[in-house]
Amino acid sequence: MSDFSLIIAGFGGQGVLFAGKAAAYCALLEGKEVSWLPSYGPEMRGGTANCGVCISDTPIGSPLVTRPHALIAMNGPSLQKFLPLVMPGGLALADSSIIKQMPESPRARLVPVPASDTVSREGLGGVANMLLLGKLLRETGFSVMDTMREALAECVPPRKKDMLEKNIRAVELGFALDG
Amino acid sequence: MIVYEKSKGLTDTPLSYCPGCTHGIIHKLLAEALCGANLLGRAIGVAPVGCSVFAYNFFNCDMLQAPHGRAPAVATGIKRAKPEHIVFTYQGDGDLAAIGTAEIVHAAARGENITVVFVNNTIYGMTGGQMAPTTLPGQVTQTSPYGRDVKTAGYPIRVCEMLATLDGPAYIERVAVDCVKNVKKAGAAIAKALRYQADGKGFSLVEVLSTCPTNWGLTPAESLRRLSGEMAAYFPPGVYKEL
Amino acid sequence: MSKRYLMKGNEAVAEAAVMAGCRHFFGYPITPQTEINAYMSKRMPQVGGIYLQAESEIAAINMTLGASATGARAMTSSSSPGIALKTEGISYMCGCDLPCVIVNIQRGGPGLGGIQPSQADYYLATRAPGHGDLRMLVFAPATVQEMFDTVFTAFDAAELYRMPAMLLADGLLGQMMEPVTPPALPPAPREKLWALGAGAPKRKTISSLYLKPEELEEVIRLRFARYSEAETRLSACEEYLAEDARVLLVAYGATSRIARAAVTAAREKGHKAGLFRPKTLWPFPKEQLRAAAAKAGKVLVVEMSMGQMVSDVRLAVGDTAAVGFFGRTGGVVPLPEELLERVEALI
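Protein chains in written order, with my numbering: chain A, 1 to 179; chain B, 1001 to 1243; chain C, 2001 to 2347.
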């Protein structure tokens, strides 16, 4: 794919910035142009956090993601805020373990994913972000699983080897999810 | 027979200080201390803003002129880049205890391995005699024409006592240059401070109680008596920190 | 292809400084540039360098001054309110002819303002970075790669012209990550015969004080001769589809990327828009801009401010083109869409 843009949003602490970073690393490893732009400041501390990722074969102009191809929303306010921005025909993944009421989505394809419950059940608590990223990888093909594994190895410091395995397992789990 | 020679630690530039001012004595003491310990060749000094702004013309070593009050920060930069050099600042009370309070407190708190010669004459000299942070209660200056009223202008800052509460400093002493005996004592204190630095012991500061006959409106002799009397009473000489 | 790294702009600046041989960094935390401090505090000890967290931005610039006076490559960084505090030290460094690199990751002002991206320090950087007759080199990178590269350029130019150089970026460039390929190493630090503590036979003094007006005037004239050399040699810019443009957008830094996106969108709709991007703000690439603007006839300056660079653009363009302005301020980043609307209105 030539141009792909993504917003990942949720509460601070859910790993939305990290998930974005993993996606950005995939692009880096594939030799593509990429930008990763986080929200920053007080909202990183307990409030909402989000990041925008642009992937392209050509240099990125504006790194602002105003019309994302895809959205990962990990809480209700984020889904409400960003769903209307998703391009017609684009994809929105929402953590249905957290967001109980799914809004109407006339233009983008909204897929509820019980991410938090699934990772908890599998003993992978805390990495719902990665499960959603795995699902996104499967649905959009913005990269491939091998690259994702390599990307995660780049993002997770060597001293946190168990975290790396946990992240990879969650991505694989998400990738395997049907529906 | 040569009985007395000017210190090689001073250049031939004539000092620009007023008659009777004790800056000259303190310059000589610092210069002699640098020479005595054979440190002049690797000394870098930092001049302040105030009467001693021209110190960079007087000390016979590499010298830098710093922004007002920032000499300890500038000296920190020099020392960190040239740790093998002997770095000193020469600062007055307005420079060190008013505008430069943050810089001196934090250089001391860091235990920065520099030597500070702090000249306290209870007044801003170069600008013509305004109230300083060390101006004594009741002291008349251009900006405290009715005498320093502590109710509105607050109290003098005792720098040695304040800095001695910190864990960072290695050596802090207050001296006076009001008589021959005390001048010798002051010289010894400055030499000791430089030795502390040379030995890598950390932050050293010598506060020198000094005079300003011009702005005090006193003769040099009267000025020395004021120094020995009310000034030394408010700012007691002594060692405040010695590791 | 040599290895690419994914880095934040702030991290790129810091690593570039380390690669450039900077071993003395003095900082103070302030959003959105704090990553530079964090990076340096980790990295400097690894390379035998000094990271020192100063008690204030004022102390940090003065520590930079002290280190620079010994000939060391020294750097400090901050964001808008902190840069205002550094102006004292910047002026003294200009007055002492000392080089250094100052990074400003701009945020909204005045006062505490906000923490989101802004370009409202254009005047501060290019007009009055301190009191007195002085100039400071101002570089305006637009990508994380350029953040990296510009540090090299800035150190070298600062040493060549013996003056402080500012890398003027903003919260967006500081916070975003992009791939970086480290460029070839910059030229080695230049010989600094003026540096203190070199053990030269003659004692050296560095001071900005000249009580005789004629003497000070002479020193300033000599300094300005150096400035004018920098002016002729350093000004740099980049053009994008400017050749046949009917509307020329002029923007620097992060805003130039938004403008670039708007130009691309305009072209897709058949509108002849182009972009002129100053890469240096002082010296300002006025000749280049004048030529490009004359061809287009219409210029639209885009800034994250109420319009500060627009005065330089007007000075450069003169009466060769009509100059309009579009800006968002307070930390609001303009969107390509709203910019496109303005371009369409102009065509």
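Beta carbons: idealized from backbone N, C-alpha and C, even for Gly. These numbers were taken from a predicted model, which means no experiment stands behind them.
Worksheet item: For residue 1057 of chain B, which three-state DSSP category applies?
Response: In the structure shown, residue 1057 of chain B sits in a helix (DSSP, three-state: H, G or I).
Practice prompt. Compare the C-beta of residue 2010 of chain C with all C-beta atoms of chain B and state if any pair is closer than 8 angstroms.
Written response: Judged by the 8 angstroms Cβ criterion, residue 2010 of chain C is not in contact with chain B.
Discussion item. Output needed for residue 1030 of chain B: all residues of its chain with C-beta closer than 8 angstroms, excluding positions within five of it in sequence on either side, in chain order.
Written reply: Within the same chain, residue 1030 of chain B has close Cβ partners 1009, 1059, 1088, 1090, 1117, 1190.
Item to complete: Below 9 angstroms between beta carbons is the criterion; list the residues of the stretch 2017-2049 of chain C that meet it against any residue of chain B, in chain order.
Response: Flagged, chain order: 2023, 2024, 2026.
Worksheet item: Quick one: is residue 1200 of chain B buried, meaning 16 or more other Cβ sit within 10 Å of its Cβ, or exposed?
Response: Classification of residue 1200 of chain B: exposed, given that the 10 Å Cβ count is below 16.
Item to complete: Kindly indicate if chain C contains any beta-carbon less than 8 angstroms away from that of residue 1 of chain A.
Response: Caution is warranted here: a pLDDT of 43 is assigned to residue 1 of chain A, below 50, making its placement in the model unreliable, and the coordinate value is therefore given only provisionally. So, not an interface residue.
Worksheet item: From the beta carbon of residue 2203 of chain C, is the nearest beta carbon of chain B less than 8 angstroms away?
Response: Yes, its Cβ sits closer than 8 angstroms to a Cβ of chain B.
Worksheet item: Does the separation of the CB atoms of residue 1235 of chain B and residue 1209 of chain B fall below 8 angstroms?
Response: Cβ distance < 8 angstroms, so residue 1235 of chain B and residue 1209 of chain B count as in contact.
Worksheet item: Can you list the residues of chain C that residue 1060 of chain B reaches, using a CB-CB cut of under 8 angstroms?
Response: Here the neighbours are 2203.
Fill in: Straight-line Cα distance separating residue 2243 of chain C from residue 2277 of chain C
Rounded to the nearest angstrom, the two C-alpha atoms are 13 angstroms apart.
Item to complete: Consult DSSP for residue 2211 of chain C and reduce its assignment to one of helix, strand or coil.
Response: Shown here, residue 2211 of chain C sits in coil according to DSSP, grouped into three states, outside any helix or strand.
Practice prompt. For residue 1157 of chain B, return the contacting residues in chain C, with the cut-off set at a CB-CB distance below 9 angstroms.
Written response: Per Cβ cutoff of 9 angstroms: no residues; residue 1157 of chain B is ~17 angstroms from chain C at best.
Fill in: Contained beta strand (DSSP E) runs [length at least 3] in the stretch 2057-2138 of chain C, N- to C-terminal order
Within the stretch 2057-2138 of chain C, the runs of beta strand (DSSP E) at least 3 residues long that lie entirely inside it are, in chain order, 2074-2078, 2100-2106.
Worksheet item: If you draw a straight line from the C-alpha of residue 2016 of chain C to the C-alpha of residue 2261 of chain C, how long is it?
Response: Straight-line measurement puts the Cα of residue 2261 of chain C at about 28 angstroms from the Cα of residue 2016 of chain C.
Worksheet item: Does DSSP classify residue 1168 of chain B as helix, strand or coil?
Response: It is coil, neither helix nor strand.
Worksheet item: Is residue 1077 of chain B near residue 2063 of chain C, with beta carbons less than 8 angstroms apart?
Response: Yes; because the gap between Cβ atoms is below 8 angstroms, this pair is in contact.
Practice prompt. Classify residue 2019 of chain C as helix, strand or coil using the three-state DSSP reduction.
Written response: Residue 2019 of chain C sits in a helix when the DSSP states are folded into three classes.
Item to complete: Measure the alpha-carbon distance for residue 2234 of chain C versus residue 2151 of chain C and round it to whole angstroms.
Response: Per the coordinates, the alpha-carbon of residue 2234 of chain C lies some 14 angstroms from the alpha-carbon of residue 2151 of chain C.
Worksheet item: So, do the stretch 85-103 of chain A and the stretch 2286-2300 of chain C have three or more beta carbon pairs nearer to each other than 8 angstroms?
Response: Contact between the stretch 85-103 of chain A and the stretch 2286-2300 of chain C is not established, with fewer than three Cβ pairs separated by less than 8 angstroms.
Worksheet item: By how many angstroms is the C-alpha of residue 176 of chain A removed from the C-alpha of residue 14 of chain A?
Response: The alpha-carbon atoms of residue 14 of chain A and residue 176 of chain A are separated by roughly 21 angstroms.
Worksheet item: With which residues is residue 2206 of chain C paired in a DSSP beta bridge?
Response: DSSP lists B/1064 as partners of residue 2206 of chain C.
Fill in: Span of the beta strand (DSSP E), counted from its first residue to its last, around residue 2190 of chain C
Judged by DSSP secondary structure, residue 2190 of chain C falls outside any beta strand (DSSP E); it is assigned neither H nor E.
Discussion item. By the 8 angstroms beta-carbon criterion, what residues does the stretch 2146-2176 of chain C contribute toward chain A?
Written reply: So the close ones are 2171, 2172, 2175, 2176.
Fill in: chain B residues whose Cβ lies nearer than 8 angstroms to that of residue 2063 of chain C
What residue 2063 of chain C touches in chain B, judged by beta-carbon distance under 8 angstroms, is 1073, 1074, 1076, 1077, 1080, going in chain order.
Worksheet item: Apart from the five residues on each side of it in sequence, which residues of its chain come closer than 6 angstroms, Cβ to Cβ, to residue 2041 of chain C?
Response: So the qualifying residues of the chain are 2051.
Worksheet entry | Under the three-state DSSP convention, the category residue 130 of chain A falls into | For residue 130 of chain A, the secondary structure class from DSSP, reduced to helix, strand or coil, is helix.
Discussion item. Is it buried or exposed, residue 2107 of chain C, if we count other Cβ atoms within 10 angstroms and call 16 or more buried?
Written reply: By the beta-carbon neighbour count (other beta carbons within 10 angstroms, threshold 16), residue 2107 of chain C is buried.
Worksheet item: Straight-line CA distance for residue 143 of chain A to residue 2341 of chain C?
Response: If you take the alpha carbons of residue 143 of chain A and residue 2341 of chain C, they lie about 34 angstroms apart.
Worksheet item: List, in order along the chain, the chain C residues whose C-beta lies closer than 8 angstroms to that of residue 38 of chain A?
Response: Close to residue 38 of chain A, with beta-carbon spacing below 8 angstroms, are these residues of chain C in chain order: 2175, 2176.
Worksheet entry | Three-state secondary structure (DSSP) of residue 2352 of chain C | Absent from the structure is residue 2352 of chain C, since the part of chain C shown begins at 2001 and ends at 2347.
Fill in: Interface partners of residue 2070 of chain C on chain B, CB under 7 angstroms
Within 7 angstroms Cβ-Cβ: 1078, 1081, 1082.
Worksheet item: Given a threshold of 16 other Cβ atoms within 10 Å of its Cβ, counted over all protein chains shown, does residue 57 of chain A qualify as buried or as exposed?
Response: By the 16-neighbour rule on beta-carbons within 10 angstroms, residue 57 of chain A is exposed.
Discussion item. Mapping the DSSP letters down to three states, classify residue 1077 of chain B as helix, strand or coil.
Written reply: DSSP places residue 1077 of chain B in helix when its eight states are reduced to three.
Fill in: Below-8 angstroms beta-carbon distance, residue 2257 of chain C vs any chain A residue
Taking Cβ atoms only, chain A reaches closer than 8 angstroms to residue 2257 of chain C, which makes this a yes.
Worksheet item: Once you ignore the five residues that flank residue 1054 of chain B on each side, which residues in its own chain have a CB closer than 6 angstroms to its CB?
Response: For residue 1054 of chain B, the CB contacts under 6 angstroms within the same chain, skipping 5 residues up- and downstream, are 1016 in chain order.
Discussion item. With a threshold of 8 angstroms between beta carbons, is residue 1064 of chain B in contact with chain E?
Written reply: As a matter of chain content, chain E is missing from the structure shown, whose protein chains are A, B and C.
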